[in-house]
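Residue numbers (UniProt numbering): 1 to 267.
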C-alpha cells in the first residue's frame with residue numbers, strides 16, 4: 001500500500017477492499033464510497049487530464065481491466081493531447097516464423113491479419129506517438145537504470161531509428177534514454193508458428209491495464225474506468241492501492257447493473 005500522511009480513511013478502505021470487508025453483506029457487491037464515484041467517462045477524463053493545462057497531468061492515468069479498453073482510450077486521448085507536433089506513426093515488421101519438416105526455419109510473408117494481432121505482451125503494429133506523450137515500457141531493458149517493464153516514460157524526441165524518452169517519476173526521474181526497436185516473439189495466439197514482431201517496446205500510457213501497473217505508484221491523478229466488472233476483488237485492490245492520495249482518485253462504473261454486479265451508490 002502506498003498512501004501518504006493524513007490518509008487514514010482512504011488507507012482503511014483500501015485494506016477493506018483487499019480483505020473483502022468492503023463487500024455489502026451477503027453479496028459479492030463492493031461498497032465504493034460515494035465521494036470516489038464519478039458518473040460518466042467524460043467526467044472521468046476531465047478529472048484526470050483537465051484538458052492538459054498542467055504538464056504534471058502526463059503522469060496521471062486511467063486504469064482499465066483490459067488491454068483492449070486501454071488501447072481504445074489511448075487513441076481517444078491522443079487526439080485530445082494539445083501539441084504543435086504531429087502524430088508520427090511507427091510500423092512494425094511482423095511475420096509468422098515456423099520450423100519446417102527438417103528443422104529449417106521459414107517465414108510467412110506479412111499480412112493484415114498478422115499485423116492486427118495483439119496481446120498485453122506485444123506492442124501494436126502501428127504505434128502512433130507525439131512529442132510529450134506518456135508511454136509505458138513493455139520490456140526490461142536495463143533494470144539498473146530504471147528501464148524495466150511498466151516504467152512510465154515521456155517522449156522527448158521521435159527519431160528514425162530510436163525514440164528518446166525521459167523517465168516520468170521515481171528514483172530515476174528525468175533521466176534520458178534512447179529506446180531501440182527490439183524483437184518480440186509470441187507463440188500462444190492460435191497460429192501455426194511463432195509470431196515475430198520487431199517494434200519499439202512502448203505503448204501509450206494515458207490508459208493502462210490494471211495488471212501492468214502492479215509494481216508502480218501513480219504520482220498524479222488516477223481514474224479507474226470499469227467498463228466491465230473487474231476479474232476479481234484483488235484486481236480492484238491493486239488499482240485503488242496505486243494512488244497515494246484518495247483525493248486524486250475517481251472511479252467510473254459503466255452500466256453497473258448490467259455488469260452483473262452492483263456497486264453501491266452507482267447507477
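Note that CB positions come from ideal geometry on N, CA and C, so glycine has one too. This structure is a prediction, so every number in the text was calculated from the model and none was measured.
- Per DSSP, the continuous beta strand (DSSP E) segment holding residue 155 begins and ends at 152-158.
- Residue range 8-18 is occupied by the alpha helix (DSSP H) that includes residue 11.
- Residue pairing of residue 136 in beta bridges, as defined by DSSP: 152 and 203.
- With 16 or more other Cβ atoms from the protein chains shown falling within 10 Å of its own Cβ, residue 220 counts as buried.
- In this structure, the alpha-carbon of residue 242 lies about 13 angstroms from that of residue 18.
- Boundaries of the beta strand (DSSP E) around residue 128: 126-129.
- Annotation for residue 45: no beta strand (DSSP E) segment contains it, though the alpha helix (DSSP H) segment containing it runs 41-49.
- Annotation: the continuous alpha helix (DSSP H) that includes residue 114 extends over 112-116.
- Annotation for residue 60: 48, 220 and 221 place their beta carbon closer than 6 angstroms to its own, counting only its chain and skipping 5 residues before and after.
- With contacts defined by Cβ atoms closer than 7 angstroms, residue 96 and residue 122 do not form a contacting pair.
- Here residue 151 is buried, its C-beta having at least 16 other C-beta atoms within 10 Å.
- Within the same chain, Cβ atoms closer than 6 angstroms to the Cβ of residue 239 are found at 63, 210 and 224, the five residues on either side in sequence being excluded.
- The Cβ-Cβ distance between residue 93 and residue 207 does not fall below 7 angstroms.
- Residue 44 sits close to residue 250, with the two beta carbons spaced by under 7 angstroms.
- Here residue 127 is buried, its C-beta having at least 16 other C-beta atoms within 10 Å.
- Nearest to residue 147 by alpha-carbon distance, out of 130, 35 and 178, is 178.
- In this chain, the alpha helix (DSSP H) harbouring residue 75 covers 67-80.
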